[in-house]
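Asks: Residue numbers (our numbering): 107 to 293. For every residue, glycine included, the Cβ atom is placed at its ideal position computed from N, Cα and C.
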């Protein structure tokens, strides 16, 4: 077993495994900013152990980074369903008309719409594996939802380059009233 390293971290709230890698979500951590830990299965003198390979932490209080995790090959997806007012990732062009994948870049809306981060397992200067951010996404289109509680990233899955993101708090859809919690899934 792998014991939780920090009190009240909620270590193990979400887990995923692919090959020799294990990803563990810990959305607690005092202020509920959350953490994700990467482990690698290693064989040392006949005993199988899980070796820590890096940690990524949530950026703001209450976002619950690590609430949902998944891994496929060298890609890791992490949900932070209560994150609000997020900034765009390094791939977002503020002048682009195709901004559906980009988070809110105004930082003025505190609505807790949620966010998803996708990491690639890379190597540091000592050749040890680490999580390197590739993209952060949120549902900018729904920032105007009255209570902002879309919970984008409450569930996540990844297979190769295909990511699936659950947003159970999405409201309204064609034939339903605006206050109906119909949810949505994004691929």
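Are residue 119 and residue 173 closer than 8 Å when you measure CB to CB?
Replies: In the chain shown, residue 119 corresponds to position 13, counting from 1. In the chain shown, residue 173 corresponds to position 67, counting from 1. Going by C-beta atoms, residue 119 is nearer than 8 Å to residue 173.
Asks: How many angstroms separate the CA atom of residue 226 from the CA atom of residue 236?
Replies: Counting from 1 along the chain shown, the entry for residue 226 is found at position 120. Counting from 1 along the chain shown, the entry for residue 236 is found at position 130. Their Cα atoms are separated by approximately 8 Å.
Asks: Going by beta carbon distance, what residues of the same chain come within less than 6 Å of residue 162, once the five residues before and after it are set aside?
Replies: As a working note, residue 162 is residue 56 in the chain shown. Same-chain partners within the cutoff: 142 and 237.
Asks: Out of 263, 268, 257 and 262, state which residue places its alpha-carbon closest to the alpha-carbon of residue 289.
Replies: Along the chain shown, read from residue 1 onward, the residue named residue 289 stands at position 183. Nearest option by C-alpha distance: 257.
Asks: Per DSSP, what kind of secondary structure is residue 136 in: helix, strand or coil?
Replies: As a working mapping, residue 136 is identified with position 30 in the chain shown. It is helical.
Asks: Count the other C-beta atoms from every protein chain shown that fall within 10 angstroms of the C-beta of residue 126, then say buried if there are 16 or more, exposed otherwise.
Replies: Within the chain shown, the letter at position 20 stands for residue 126. Exposed, by the Cβ-count rule.
Asks: Measuring only the C-alpha atoms, how far is residue 146 from residue 168?
Replies: Taking the first residue of the chain shown as 1, we reach residue 146 at position 40. Taking the first residue of the chain shown as 1, we reach residue 168 at position 62. Approximately 28 Å between the Cα atoms of the pair.
Asks: Express the C-alpha separation of residue 178 and residue 122 in angstroms, rounding to a whole number.
Replies: For this step, residue 122 is matched to residue 16 along the chain shown. For this step, residue 178 is matched to residue 72 along the chain shown. Looking at the two C-alpha atoms, the distance is approximately 9 Å.
Asks: CA-CA distance, residue 137 and residue 267?
Replies: Along the chain shown, one-based indexing puts residue 137 at 31. Along the chain shown, one-based indexing puts residue 267 at 161. In a straight line, the C-alpha of residue 137 is about 32 Å away from that of residue 267.
Asks: Tell me the rounded alpha-carbon separation between residue 220 and residue 166.
Replies: Here residue 220 corresponds to residue number 114 of the chain shown, with the count starting at 1. Here residue 166 corresponds to residue number 60 of the chain shown, with the count starting at 1. Approximately 12 Å between the Cα atoms of the pair.
Asks: State the Cα-Cα distance for the pair residue 109 and residue 140, rounded to the nearest angstrom.
Replies: On the chain shown, position 3 is the one that residue 109 refers to. On the chain shown, position 34 is the one that residue 140 refers to. C-alpha separation (whole angstroms): 17 Å.
Asks: Here's the rule I'm using: 16 or more other beta-carbon atoms within 10 Å means buried, otherwise exposed. How should residue 203 be labelled?
Replies: By one-based count along the chain shown, residue 203 stands at place 97. Because the pLDDT of residue 203 is 44, which lies under 50, any placement of that residue in the model is unreliable, and the question is left without a value.
Asks: Going along the chain, which residues of its own chain have a beta-carbon closer than 8 Å to the beta-carbon of residue 262, five neighbours each way excluded?
Replies: Along the chain shown, one-based indexing puts residue 262 at 156. Result list for residue 262: 174, 175, 176, 183, 184, 185, 222, 269, 270, 271 and 272, in chain order.
Asks: According to DSSP, is residue 290 helix, strand or coil?
Replies: Looking up residue 290 in the chain shown gives position 184. If DSSP states are grouped into helix, strand and coil, residue 290 belongs with the strands.
Asks: Which two residues bound the contiguous beta strand (DSSP E) that contains residue 185?
Replies: Sequence index remark: in the chain shown, residue 185 carries index 79 (1-based). Residues 181 to 186.
Asks: What residue range is occupied by the uninterrupted beta strand (DSSP E) comprising residue 261?
Replies: Your numbering for residue 261 matches position 155 in the chain shown. That run of the beta strand (DSSP E) goes 261 to 265.
Asks: So, for residue 195: in the same chain, excluding its five sequence neighbours on each side, which residues have a beta-carbon less than 6 Å away from its beta-carbon?
Replies: For the purposes of this step, residue 195 is taken as residue 89 along the chain shown, with counting starting at 1. With a pLDDT of only 42 at residue 195, under the threshold of 50, the placement of this residue in the model should not be trusted, and no figure is reported.
Asks: I need the straight-line Cα distance from residue 274 to residue 244, nearest angstrom please.
Replies: As a working note, residue 274 is residue 168 in the chain shown. As a working note, residue 244 is residue 138 in the chain shown. Taking the straight line joining both Cα atoms gives about 14 Å.
Asks: Among 157, 190 and 292, which has the Cα closest to the Cα of residue 171?
Replies: Here residue 171 is taken as the residue at index 65 of the chain shown, counted from 1. Out of 157, 190 and 292, 190 has the C-alpha closest to the C-alpha of residue 171.
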